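A.B. asks:
There are 4 protein chains.
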Amino acid sequence: MEDPRQRAIEEHIRGDAYAATLGAHIEAIGPGYSRVRLTVTQAMCNFHGTVHGGVIFGLGDIAFAAASNSRGQTAVALDVNISFLRPAFPGDVLVAEAQEQDLSGPIGLYDITVRREGDGQLIAQSQAVVYRKREWFVPE
Amino acid sequence: MEDPRQRAIEEHIRGDAYAATLGAHIEAIGPGYSRVRLTVTQAMCNFHGTVHGGVIFGLGDIAFAAASNSRGQTAVALDVNISFLRPAFPGDVLVAEAQEQDLSGPIGLYDITVRREGDGQLIAQSQAVVYRKREWFVPE
Amino acid sequence: MEDPRQRAIEEHIRGDAYAATLGAHIEAIGPGYSRVRLTVTQAMCNFHGTVHGGVIFGLGDIAFAAASNSRGQTAVALDVNISFLRPAFPGDVLVAEAQEQDLSGPIGLYDITVRREGDGQLIAQSQAVVYRKREWFVPE
Amino acid sequence: MEDPRQRAIEEHIRGDAYAATLGAHIEAIGPGYSRVRLTVTQAMCNFHGTVHGGVIFGLGDIAFAAASNSRGQTAVALDVNISFLRPAFPGDVLVAEAQEQDLSGPIGLYDITVRREGDGQLIAQSQAVVYRKREWFVPE
């Protein structure tokens, strides 16, 4: 059974306005982990007809924010490096996963992958750093 | 007077579906340069109440794509590193500028800034690399 | 028993002049993988008395080059993002590992870690991209 | 005339052991700025016969450290993204420049370029982030 504090944290994270705007579904939130899913549409494409980098990054960023704030402490993104491996297309279902790699003082390090469901191909991978404030959005 | 080839390139770039979805306005496209503007709304915010990293990145990415494809040759993003300096808020007008720094064989390097209009504060800065294909979306 | 082509590739990689200059030992080279070890000295420190970022990056870069050239095809670094997690000190033994994550056309993606031997602490992590030329430094 | 505090800061920075080991010359240190020069040798090359990425990064990192510590406050590198544009060769003289772009709370952002003297070609460019501690290595 989930504890009430964890439920409050998840509710707060699931209230992300931009995730709702984009149509992304936060499927899982655990300590230092999150998985988010999105079905991409024509409206999310660039002028080459492939899914826009901003959408791919945004999907990964939703997972990153959920993972790095998963303990109720406010974490803000400092730096994200994204490598784009191959294009995604309208109709693709994309799954982003963010996984904590390290915590060191106020700094946290995360790996993020965005894969296409079905063939599992890697669309993009990120390495991302947060600064963890001495603030808790859900009190300890 | 603008030449017809340049006009065809600009029309193609301005047809970006995601820019329209986001509400971003491509204000300027020149050789290796672009400037894009966006008024941010509540719907673009994260669960901390600040503008989502995916929106800030996406705005810069629209400018980056316009700048790196500004000569009609197809360029695709390989790697983007974004540093977030300070938060932006609903109601802010954000202006992204992308500027070519170097071309070397198939590789192009771009600097991207996202600033808040008014106080001119730097919200985010990126360094970004494209791979330029031997394809022209508007023939030479 | 190792085949002669693989031996020729390894000999070429082990001839790295800078690895010898730095005193780094290439311990393992496999397909898309390498591990490199270095005992750090006072002469490798910065003015804060900790191991210089250039040495930590350089150690990881030796592993990255070995991993990405491990099949005899010439690969050159395009972009590397390094996050520094905690300081290393004179006398530390550092171990870098590079692991291929993906190959897509001419592009290869690698993860690199630099850890302190003994406590296993993560000193730095990189995400790195190569461009693979249509050249083989050891013929196929 | 230079003030004594600034002279103490410069002396501290010029005491960098690794800069001496590498043979790099710190030519200029100003507020948020530094320029460093290095003549590259065979011993700094990789197995492709070009200057090692670790040396190019290291040179830029010496400039970055000088620029980001130029006010006597201890700054440590958090994240550096380097893009490699073209190779450098033994005998080349390389000049690195680091320039502060922004300060925001404990975070500082720097641009770093490494150019070949003579033709001025861009060898590498970095975007780099420091965390500024509440410590001064030369008291205020």
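Protein chains in written order, with our numbering: chain Z, 3 to 142; chain G, 3 to 142; chain H, 3 to 142; chain S, 3 to 142. Even for Gly, the Cβ is constructed at its ideal location relative to N, Cα and C. Treat the numbers as computed from the prediction; the structure is a model and nothing was measured.
Select from the region 95–120 of chain H all residues with a C-beta closer than 7 Å to any C-beta belonging to chain G, and list them in chain order.
C.D. replies: The region 95–120 of chain H vs chain G, Cβ under 7 Å: Ile109.
A.B. asks: What do you get for Glu142(Z), buried or exposed, if any count of 16 or more other CB atoms within 10 angstroms of its CB means buried?
C.D. replies: Looking at its Cβ environment, which holds fewer than 16 other Cβ atoms inside 10 Å, Glu142(Z) is exposed.
A.B. asks: Put Ala69(S) into one of helix, strand or coil per three-state DSSP.
C.D. replies: Helix at Ala69(S).
A.B. asks: Taking a cut of 7 Å between CB atoms, which residues from the region 66–92 of chain Z lie near chain S?
C.D. replies: Residues Leu80, Asp81 and Asn83.
A.B. asks: For the region 39–66 of chain G, list every residue whose C-beta sits within 9 Å of some C-beta in chain S, in sequence order.
C.D. replies: So the list is empty, because no residue satisfies the distance condition.
A.B. asks: Residues of chain Z with a CB under 8 Å from the CB of Val131(H): which are they?
C.D. replies: Those within 8 Å of Val131(H) in chain Z are Ser85.
A.B. asks: Going by the CB atoms, is the gap between Tyr112(S) and Phe66(S) shorter than 8 Å?
C.D. replies: In this structure, Tyr112(S) lies closer than 8 Å to Phe66(S) by Cβ.
A.B. asks: Within its chain, find whatever has a CB closer than 6 Å to the CB of Glu119(H); leave out the 5 residues flanking it on each side and keep chain order.
C.D. replies: Excluding positions up to five away in sequence, the list reads Val95 and Val97.
A.B. asks: Compare the C-beta of Gln127(Z) against all C-beta atoms of chain H and say whether one is closer than 8 Å.
C.D. replies: Yes, contact with chain H.
A.B. asks: Going by the C-beta, is Ala126(Z) closer than 7 Å to any heavy atom of the ligand COA?
C.D. replies: Here there are no bound small molecules, and the ligand COA is not part of this structure.
A.B. asks: Find the residues of chain Z that neighbour Gly17(G), judging by a C-beta separation of less than 9 Å, and give them in chain order.
C.D. replies: The contacting residues are Phe49.
A.B. asks: Give me whichever residues DSSP pairs with Tyr133(Z) in a beta bridge.
C.D. replies: Tyr133(Z) is bridged to Val78(Z) and Ile109(Z).
A.B. asks: Could you round the C-beta distance between Ala90(Z) and Ile125(Z) to whole angstroms and report it? I think they count as a contact, below 8 Å.
C.D. replies: About 5 Å separates the two Cβ atoms, so the contact holds.
A.B. asks: Could you give the residue range of the alpha helix (DSSP H) that holds Leu24(H)?
C.D. replies: Its alpha helix (DSSP H) spans residues Ala19 to Leu24.
A.B. asks: Please list, in chain order, all residues of the same chain as Thr43(S) whose beta carbon is under 7 Å from its beta carbon, the five residues on each side excluded.
C.D. replies: Only Pro92 meet the Cβ criterion.
A.B. asks: Quick check: the Cα distance between Arg134(S) and Gly110(S), rounded to an integer number of angstroms?
C.D. replies: For Arg134(S) and Gly110(S), the distance between alpha carbons rounds to 7 Å.
A.B. asks: Please decide whether His14(H) counts as near chain S, where near means a Cβ-Cβ distance under 8 Å.
C.D. replies: Yes, His14(H) lies at the interface with chain S (some Cβ there is under 8 Å from its Cβ).
A.B. asks: Run through chain G and tell me which residues come within less than 8 Å of Tyr20(Z), C-beta to C-beta.
C.D. replies: The answer, in chain order, is Ala45, Met46, Cys47, Asn48, His54, Gly56 and Val57.
A.B. asks: If distances are taken between C-alpha atoms only, which option among Glu29(G), Pro108(G), Ile114(G) and Leu80(G) comes closest to Glu12(G)?
C.D. replies: Taking only the C-alpha atoms, the option nearest Glu12(G) is Glu29(G).
A.B. asks: Return the residue from the list Asp81(G), Met46(G), Ala45(G) and Asp18(G) that minimises the CA-CA distance to Val38(G).
C.D. replies: Answer by Cα proximity: Asp18(G).
A.B. asks: Note down the Cα distance separating Pro6(Z) from Val140(Z), rounded to an integer number of angstroms.
C.D. replies: If you take the alpha carbons of Pro6(Z) and Val140(Z), they lie about 11 Å apart.
A.B. asks: Check each candidate in Arg136(Z), Arg117(Z), Ala69(Z) and Gly122(Z) and name the one with the smallest Cα separation from Asp104(Z).
C.D. replies: Selected option, being the one with the closest Cα: Ala69(Z).
A.B. asks: Just to confirm, are Asn71(Z) and Ala77(Z) a CB contact at a threshold of 8 Å?
C.D. replies: Their beta carbons are under 8 Å apart, which means Asn71(Z) touches Ala77(Z) by this criterion.
A.B. asks: Which residues in the same chain as Ala22(G) place their Cβ atom closer than 6 Å to its Cβ, once the five residues preceding and following it in sequence are excluded?
C.D. replies: The answer is none, since no qualifying residue turns up.
A.B. asks: On the premise that Asn48(S) lies in contact with Tyr35(H), defined as a C-beta separation below 8 Å, what is that separation, rounded to the nearest angstrom?
C.D. replies: Contact doesn't hold; Cβ gap of about 18 Å is too wide.
A.B. asks: Identify, in the order they occur along the chain, each residue of the same chain with its Cβ nearer than 7 Å to the Cβ of Arg16(S), setting aside the five sequence neighbours on each side.
C.D. replies: The answer, listed in chain order, is Ile28.
A.B. asks: Determine the burial state of Gly56(Z): buried for a count of at least 16 other Cβ atoms within 10 Å of its Cβ, exposed for fewer.
C.D. replies: Classification for Gly56(Z): buried.
A.B. asks: If you count every other CB in all the chains shown that lies within 10 Å of the CB of Arg117(G), and 16 or more means buried, which is it?
C.D. replies: It is buried - the Cβ of Arg117(G) has at least 16 other Cβ atoms within 10 Å.
A.B. asks: Thr167(Z) bridges to which residues according to DSSP?
C.D. replies: The structure shown does not extend to residue 167(Z), since chain Z spans only 3 to 142, so no value can be given for it.
A.B. asks: In whole angstroms, what separates the C-alpha of Gln129(Z) from that of Val82(G)?
C.D. replies: About 11 Å.
A.B. asks: As a quick exercise: from Gly51(Z), Met46(Z), Leu61(Z) and Arg88(Z), pick the residue whose alpha carbon is nearest that of Gly25(G).
C.D. replies: With distances taken between Cα atoms, Gly25(G) lies closest to Met46(Z).
A.B. asks: State the start and end residues of the unbroken beta strand (DSSP E) segment that holds Glu1(H).
C.D. replies: Not covered by the structure: residue 1(H). The range shown for chain H is 3 to 142.
A.B. asks: Select from Glu102(Z), Arg88(Z), Pro33(Z) and Val53(Z) the residue whose C-alpha is nearest the C-alpha of Leu40(Z).
C.D. replies: It is Val53(Z).
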